[in-house]
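At position 168 of the sequence shown the residue is numbered 168 (the UniProt record's numbering), and the sequence of numbers has no breaks.
All C-beta atoms, glycine included, are put in the ideal place defined by N, C-alpha and C.
Nothing here was measured: the structure is a model prediction, and the numbers come from that model.
For reference, the structure discussed in these notes is given below.
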Amino acid sequence: MMGGYLEDRFIQGAEAETVYAFYHWEYIDIFVYFSHYPVTIPPVSWTNAAHKHGVSVLGTFITEWDDGSKICETFLAGEEPYRSVADKLVQIAHHYGFDGWLINIENPLSETAVKNTPAFLRYLTDQMHQRVEGSVVLWYDSVLQNGELNWQNELNDQNRVFFQSCDGIFTNYNWSESNLEAMVSRDAKQMANIYVGVDVFARGEVVGGKFETNQALRLIRKHGFSAAIFAPGWVYECHEKKEFRQNQDKFWGLLSKFLPTHSVSLLPFVTSFCQGFGKSFYCKGKVEEVKSWFNLSAQEVQPLFIDHSSEGEEGGWVRTRGCPEDAWNGGSSLLIEGMIPSTHSNIAVRLFSLHSPIPAKTFVSFTYKLEESPHVKVALELKTIDAPVCLYQGIEDIPGTSVQPQPLQEGDSLVSQFRHRCGLRDSEGWVTRCFLVKSKGCLLRDIFINVSREVSGEEAYFVCRVGEIKVLDVENLTAIPVPVRNPSLSEVVWRRGVGSGDGYVQKLYFNATLHWQYPANQARHFRVYWRRLHDPNTQASSGQEPQVLIGRAYATVYRVVDLPVPDALDTAPCWLEFLVEPITREGFAVSESHWGRLALKYTEPARAETATGV
1 MMGGYLEDRF
11 IQGAEAETVY
21 AFYHWEYIDI
31 FVYFSHYPVT
41 IPPVSWTNAA
51 HKHGVSVLGT
61 FITEWDDGSK
71 ICETFLAGEE
81 PYRSVADKLV
91 QIAHHYGFDG
101 WLINIENPLS
111 ETAVKNTPAF
121 LRYLTDQMHQ
131 RVEGSVVLWY
141 DSVLQNGELN
151 WQNELNDQNR
161 VFFQSCDGIF
171 TNYNWSESNL
181 EAMVSRDAKQ
191 MANIYVGVDV
201 FARGEVVGGK
211 FETNQALRLI
221 RKHGFSAAIF
231 APGWVYECHE
241 KKEFRQNQDK
251 FWGLLSKFLP
261 THSVSLLPFV
271 TSFCQGFGKS
281 FYCKGKVEEV
291 KSWFNLSAQE
301 VQPLFIDHSS
311 EGEEGGWVRT
321 RGCPEDAWNG
331 GSSLLIEGMI
341 PSTHSNIAVR
351 LFSLHSPIPA
361 KTFVSFTYKL
371 EESPHVKVAL
381 ELKTIDAPVC
391 LYQGIEDIPG
401 TSVQPQPLQE
411 GDSLVSQFRH
421 RCGLRDSEGW
431 VTRCFLVKSK
441 GCLLRDIFIN
451 VSREVSGEEA
461 YFVCRVGEIK
471 VLDVENLTAI
481 PVPVRNPSLS
491 EVVWRRGVGS
501 GDGYVQKLYF
511 NATLHWQYPA
521 NQARHFRVYW
531 RRLHDPNTQA
541 SSGQEPQVLI
551 GRAYATVYRV
561 VDLPVPDALD
571 TAPCWLEFLV
581 EPITREGFAV
591 SESHWGRLAL
601 KYTEPARAET
611 ATGV
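Now the structure itself:
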């Protein structure tokens, strides 16, 4: 991570352009946040984004050079110190919510230290498994069982003792096919736990690397091993930052045939395709804030990104990409563009791989807009498995297990409930279609966009922008919303001074940490507002000013930073109110009666008090 791309240290996001972000999560199972500090804790935004996609996140424990040797000789001197270090690593992972560690000892070890290393690994691995479900501890191919620092580029008898003491090994990068063949002959039953290292920077004598990393993956998959792709940030560090999206998509597109996708397995399934950064922030199709921003906690479930052209002279093609120029919610939408050849009537684009049981009544919504595409139609298509026991009602007759639901009419009660829960109005050219799928005994496998041409015998160029897709149990539409409870303030700091963009005008600034309670995993995010109250005991419009959005939170805490507030007079105290609006995991808004509210009274910064929160 280039020592850590520093914008990600801001847990509430940053104003930043051309940042490094990752969004091809469907191709990986484990993400290691690496740096050369002894202990690297993955930033919470990376952990949040990975977990939304079912990907485990590991931190790094590394020792190097002379300083690393001193550290190792201290904590590997005996059982008590190595257990103490392992316990602390387990506590860190549990506290920060990530899933394990890459252990990288890149310095020689004394006889005592190397003797205690397997015991350290076993204890750390056992404790991680007890405290963090699904956790993983990996060993990097570096030190040998005699304590010598000598990278093997494979698993063999000289480093096997470390492999046997944890969950897997990450090999060094300078291997050849003969190393892979040797491991197959020795370790055929454990190949999934051998992660063959690939340095994307192609340093040293390596196979592939850079935009030829697929050559390494081809050999690794040929022999049945797992792969460890090191430093994919090469596409960011060594190319024009403005072309980052194109280069990242190219890099992972070249690897895609060697990287089986993993599936989303739970409903509700909701995504607006936000990649966690953008040029503006959108809400329901309208620009809410114009500025470059970066916050991977805002990233939503990402689709499969494709770039396919048909073979021969037909001329058909299709590609998908994240696009920040327009969005429904967040910072980007999914742009699908292509050409339907004259020999075909349609193109079906697979967006998501899922493996989720669907309820008897499934509500689906699809928000999109067509651009420069007057002669095509767009439909949502679902694919299921377990077809022999899968029954449908109210859908078009499509062979096999494809389901192309018919849109519900605007006057349908389910549509009305949905629009009310979302606060939804079609705007800025966006169109939302709603569907009801009745089924029994089905698993949802894939979501497709089907683009068909209206005029036969002609090529049809199309541009379709997809803003949001939701797949919900119909009962979600009538679920009773949960209120925000017990808002409170801590770490309050008042500051009088000059703010950015204010010239030399002195103002009073308020800083504090706002906390509240809400059930875990039930909110997509929270919107935090403030306003001035003229009389906190009245709900009349004359007693309060319009609420102003401060920011968005992706946990039940938000730090208010340098909020300019009115000066108070000794004879007339001021009241502020903070409001927390939950957006449910289905993307539904709730009535203001379910928001969190906290009023703050102050006469001067040294004398402030809070009223009871709701």
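First and last residue of the uninterrupted beta strand (DSSP E) at residue i
{"i": "Lys-369", "result": "361-371"}
{"i": "Arg-559", "result": "557-565"}
{"i": "Glu-289", "result": "286-294"}
{"i": "Trp-139", "result": "136-140"}
{"i": "Ala-599", "result": "596-604"}
{"i": "Trp-328", "result": "No beta strand (DSSP E) contains Trp-328, which DSSP labels as neither H nor E."}
{"i": "Pro-357", "result": "346-357"}
{"i": "Pro-487", "result": "485-498"}
{"i": "Trp-530", "result": "523-533"}
Spatial distance of residue i from residue j (CA atoms)
{"i": "Val-378", "j": "Cys-442", "result": "24 angstroms"}
{"i": "Ser-591", "j": "Ala-520", "result": "20 angstroms"}
{"i": "Asp-397", "j": "Val-451", "result": "With a pLDDT of 34 at Asp-397, under the threshold of 50, the modelled position of that residue is not reliable, and the figure given next carries that caveat. If I take the Cα positions, the gap works out to 17 angstroms."}
{"i": "Gly-551", "j": "Asn-295", "result": "12 angstroms"}
{"i": "Phe-462", "j": "Gly-338", "result": "6 angstroms"}
{"i": "Cys-464", "j": "His-525", "result": "27 angstroms"}
{"i": "His-534", "j": "Lys-250", "result": "56 angstroms"}
{"i": "Val-39", "j": "Ile-103", "result": "10 angstroms"}
{"i": "Leu-370", "j": "Val-415", "result": "22 angstroms"}
{"i": "Val-55", "j": "Gln-275", "result": "16 angstroms"}
{"i": "His-375", "j": "Tyr-529", "result": "44 angstroms"}
{"i": "Gln-12", "j": "Asn-329", "result": "18 angstroms"}
{"i": "Glu-325", "j": "Asp-66", "result": "50 angstroms"}
{"i": "Gly-400", "j": "Arg-218", "result": "Model confidence at Gly-400 stands at a pLDDT of 44, short of 50, so the residue's coordinates are unreliable; what they give is reported in the following sentence. Gly-400 and Arg-218: Cα-Cα distance of roughly 33 angstroms."}
{"i": "Leu-472", "j": "Ala-479", "result": "12 angstroms"}
{"i": "Pro-388", "j": "Leu-436", "result": "Here the model assigns Pro-388 a pLDDT of 41, short of 50, so the residue's position is not dependable and the matter cannot be decided."}
{"i": "Lys-438", "j": "Glu-372", "result": "34 angstroms"}
{"i": "Glu-289", "j": "His-420", "result": "24 angstroms"}
{"i": "Lys-189", "j": "Tyr-173", "result": "22 angstroms"}
{"i": "Ala-213", "j": "Trp-252", "result": "Here residue 213 is Thr; the residue named in the question, Ala, does not match the sequence. Roughly 9 angstroms between the two C-alpha positions."}
{"i": "Gly-59", "j": "Leu-138", "result": "10 angstroms"}
{"i": "Ala-599", "j": "Cys-422", "result": "27 angstroms"}
Among the options, nearest to residue i - alpha-carbon criterion
{"i": "Leu-408", "options": "Lys-470, Leu-335, Phe-363", "result": "Phe-363"}
{"i": "Asn-511", "options": "Asp-187, Thr-343, Gln-517, Glu-491", "result": "Glu-491"}
{"i": "Lys-286", "options": "Gly-331, Pro-268, Phe-366", "result": "Gly-331"}
{"i": "Lys-52", "options": "Arg-218, Ser-365, Phe-22", "result": "Phe-22"}
{"i": "Asn-159", "options": "Ser-35, Gln-522, Asp-141", "result": "Asp-141"}
{"i": "Trp-595", "options": "Tyr-558, Trp-293, Val-484, Tyr-554", "result": "Val-484"}
{"i": "Lys-222", "options": "Asn-486, Gly-253, Ser-178, Leu-549", "result": "Ser-178"}
{"i": "Gly-322", "options": "Gln-299, Gly-315, Pro-546", "result": "Gln-299"}
{"i": "Leu-489", "options": "Leu-472, Thr-513, Val-474", "result": "Thr-513"}
{"i": "Glu-581", "options": "Ala-572, Val-548, Arg-245, Ala-77", "result": "Val-548"}
{"i": "Arg-186", "options": "Pro-42, Phe-211, Glu-154", "result": "Glu-154"}
{"i": "Ser-402", "options": "Phe-448, Trp-101, Gly-197, Phe-34", "result": "Phe-448"}
{"i": "Glu-475", "options": "Val-270, Pro-359, Thr-60", "result": "Pro-359"}
{"i": "Asn-146", "options": "Gly-134, Thr-117, Ile-169", "result": "Thr-117"}
{"i": "Asp-29", "options": "Cys-72, Asn-107, Thr-261", "result": "Thr-261"}
{"i": "Ala-119", "options": "Tyr-82, Ile-105, Val-132", "result": "Tyr-82"}
{"i": "Ile-583", "options": "Asn-193, Ala-568, Tyr-518", "result": "Tyr-518"}
Expected contact under 8 angstroms - CB spacing of residue i and residue j to nearest Å
{"i": "Gln-248", "j": "Val-235", "result": "5 angstroms"}
{"i": "Val-85", "j": "Phe-75", "result": "5 angstroms"}
{"i": "Leu-576", "j": "Tyr-509", "result": "Contact flag wrong, Cβ pair sits at about 12 angstroms."}
{"i": "Phe-258", "j": "Ala-231", "result": "Going by Cβ atoms, the distance from Phe-258 to Ala-231 rounds to 18 angstroms, so no, they are not a contact pair."}
{"i": "Leu-382", "j": "Leu-444", "result": "6 angstroms"}
{"i": "Ser-297", "j": "Tyr-20", "result": "That pair is no contact at about 15 angstroms."}
{"i": "Asp-87", "j": "Gln-127", "result": "7 angstroms"}
{"i": "Val-482", "j": "Gln-417", "result": "About 18 angstroms; that fails the 8 angstroms criterion."}
{"i": "Gln-404", "j": "Glu-26", "result": "Between Glu-26 and Gln-404 the Cβ distance is about 23 angstroms, and since that is not below 8 angstroms, they are no contact."}
{"i": "Ser-165", "j": "Leu-121", "result": "4 angstroms"}
{"i": "Gly-467", "j": "Thr-367", "result": "4 angstroms"}
Run of the alpha helix (DSSP H) containing residue i, from where it starts to where it stops
{"i": "Val-32", "result": "Careful: Val-32 lies outside any alpha helix (DSSP H), inside the beta strand (DSSP E) at 30-32."}
{"i": "Cys-249", "result": "One point to set straight first is that residue 249 is Asp, not Cys, in the sequence displayed. Run containing Asp-249: 244-255, per the alpha helix (DSSP H) assignment."}
{"i": "Ala-216", "result": "213-222"}
{"i": "Arg-421", "result": "413-422"}
{"i": "Glu-237", "result": "234-237"}
{"i": "Lys-52", "result": "44-52"}
Residue i beta carbon near the ligand MN (any heavy atom closer than 8 angstroms)
{"i": "Pro-357", "result": "The ligand MN is not part of this structure, which contains no ligands at all."}
Contained beta strand (DSSP E) runs [length at least 3] in the stretch 54-130, N- to C-terminal order
56-64, 100-106
Quick check for students: name the residue ranges of the alpha helix (DSSP H) that lie wholly in the stretch 129-211, counting only runs of 4 or more.
160-163, 177-187
Start-end ranges of the alpha helix (DSSP H) lying completely within the stretch 418-458, minimum 4 residues:
none
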